[in-house]
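For the sequence shown, position 61 matches number 61 in full-length UniProt numbering, and the numbering has no gaps at all. By construction, the Cβ of each residue, glycine as well, lies at the ideal position given by its N, Cα and C atoms. Okay, structure first, notes after.
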Amino acid sequence: MERIWVDFILDGPSAMPDFTAMAETDFAKRADEFRLLSGETLASVLAEYAAVAHRTDELIAALPDMDATQPLPEAPWFESGVRWSARQVLLHVIAETAQHAGHADIIRESLDGAKTMG
């Protein structure tokens with residue numbers, strides 16, 4: 001998710017898939033991006049995540065204008081004609097990461113019973 005959004009900051013909607021043309025089979029293929037596949041290891045996935053985060057950090061440091069905007073791609077979940085600034089995109093990445101980390105924490109708590117927030 002982070003990689004695609006950073007590409008969006010640089011290249012605009014062309015960096016994203018054409019969501020309006022996606023069929024069920026395309027969404028099924030995308031589902032593979034959310035699971036550990038044969039041949040992948042936890043170490044390789046974590047290394048890739050770290051590399052993506054490093055690239056994001058470099059972009060933030062080098063970006064001349066956090067208020068530069070790109071039009072959002074056509075998708076059922078985006079309002080037509082809306083533009084997001086680099087700042088909005090990065091906030092979206094942070095919010096998505098936090099939300100999914102919370103989901104993972106709920107699952108972990110249901111497995112081991114340990115509470116981290118009280």
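Can the beta-carbon of residue i be found closer than 8 Å to that of residue j?
i, j, result
"Val89", "Phe8", "yes"
"Met73", "Pro13", "It is Pro, not Met, that sits at residue 73 in the sequence shown. Yes. Within cutoff."
"Thr97", "Trp84", "no"
"Val6", "Leu91", "no"
"Ala75", "Thr20", "yes"
"Met22", "Ile4", "no"
"Arg87", "Asp67", "yes"
Mind reading off the beta-carbon distance from residue i to residue j? Whole number of angstroms is fine, and I expect it under 8 Å.
i, j, result
"Thr56", "Glu2", "6 Å"
Taking all protein chains shown into account, decide if residue i is buried (16 or more other Cβ within 10 angstroms of its Cβ) or exposed.
i, result
"Ala95", "exposed"
Residue ranges of each alpha helix (DSSP H) run of no fewer than 4 residues wholly in the region 32 to 106, ordered along the chain? Runs of alpha helix (DSSP H) with 4 or more residues, each lying fully within the region 32 to 106, are found at 42 to 62, listed in chain order.
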